[in-house]
């Protein structure tokens, strides 16, 4: 179910689709890189901060993640940006990882098979609220009202923070929502889960210093049940 203009749906953005949930997140040092694999979480972010304190000479974060709660994604993105880290993606970086972590890198290194996938952000007007609706239906009237109020406040704060975040890193905030615009409505009925950008499109949105490892690009779906469409620079 797709819903338009519903602020209370902020909670829908807490994570990538549940079907994409990963196993326990690991953050380790491997050679000259920090390697972050799994959902973005508070514990994983804290582990990275702790590792960085003892390994400040390391300036590359290799990440493989389907995303996580949007504010934790911005926390990680701010850390990357403020410490001038390079972000390297060899497999996939989806949802909050794509929205906030990838564009924050001083340099962005991507393999020829890497997928940087987007499906909305805090400023989106469309959300898949099916799971949220199920949870609401199980609550009492009072609990439902409290949950909706809490969600509305969460969304308001997240939108404000996201706006400031993109201003800080110098990236067009539309990067999180462009695929949901009318210009790409032809994909609404195709069962697509999101979209990805060509390097030229990323550059146009302000994501610079993107370097492709071993070109040319050989796009392959992240998995068989996840379908994305491409947005190129000449499409917007």
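Numbering (mature numbering (1 follows the signal peptide of the UniProt record, and there is no 0)), first residue to last: -21 to -1, 1 to 215.
Glycine included, C-beta positions come from ideal geometry on N, C-alpha and C.
Asked                                                                                                          : Found
Host alpha helix (DSSP H) of residue 5 (start-end)                                                             : No alpha helix (DSSP H) contains residue 5, which is instead part of the beta strand (DSSP E) from 5 to 9.
Residue 159 burial status per 10 Å Cβ neighbour count (16 or more: buried)                                     : buried
Local conformation of residue 204 per DSSP, three classes                                                      : coil
8 Å contact criterion, which residue 129 and residue 101 should meet: CB distance rounded                      : Incorrect: roughly 16 Å between the Cβ atoms, too far for contact.
Residue range of the unbroken alpha helix (DSSP H) whose run includes residue 90                               : Segment 87 to 90 is the beta strand (DSSP E) holding residue 90; no alpha helix (DSSP H) there.
Inter-residue CB distance, residue 24 and residue 51 (contact presumed, cutoff 8 Å)                            : 6 Å
DSSP state of residue 171 mapped onto helix, strand, coil                                                      : coil
Check whether residue 79 and residue 56 have beta carbons under 9 Å apart                                      : yes
Length of the line joining the Cα atoms of residue 198 and residue 137                                         : 32 Å
The beta strand (DSSP E) enclosing residue 197, as first and last residue numbers                              : Looking at the DSSP string, residue 197 is not in any beta strand (DSSP E), and its letter there is neither H nor E.
C-beta atoms of residue 67 and residue 37 nearer than 9 Å                                                      : no
Residues near residue 176 by beta carbon distance below 6 Å, same chain, minus five either side                : 210
DSSP three-state assignment for residue 47, whether helix, strand or coil                                      : strand
Short Cβ contact (9 Å threshold) for residue 96 with residue 71                                                : yes
9 Å Cβ cutoff met for residue 91 and residue 154                                                               : no
Residue(s) in a DSSP beta bridge with residue 209                                                              : 175
Residue interval of the alpha helix (DSSP H) (run including residue 31)                                        : 21 to 33
Burial state of residue 201, where buried means 16 or more other Cβ atoms lie within 10 Å                      : buried
Residue 186 in three-state terms, based on DSSP                                                                : coil
Buried versus exposed call for residue 116 [16 or more other C-beta atoms within 10 Å across all chains shown] : exposed
Range of the contiguous beta strand (DSSP E) that encloses residue 148                                         : Looking at the DSSP string, residue 148 is not in any beta strand (DSSP E); the run it does join, the alpha helix (DSSP H), is 120 to 148.
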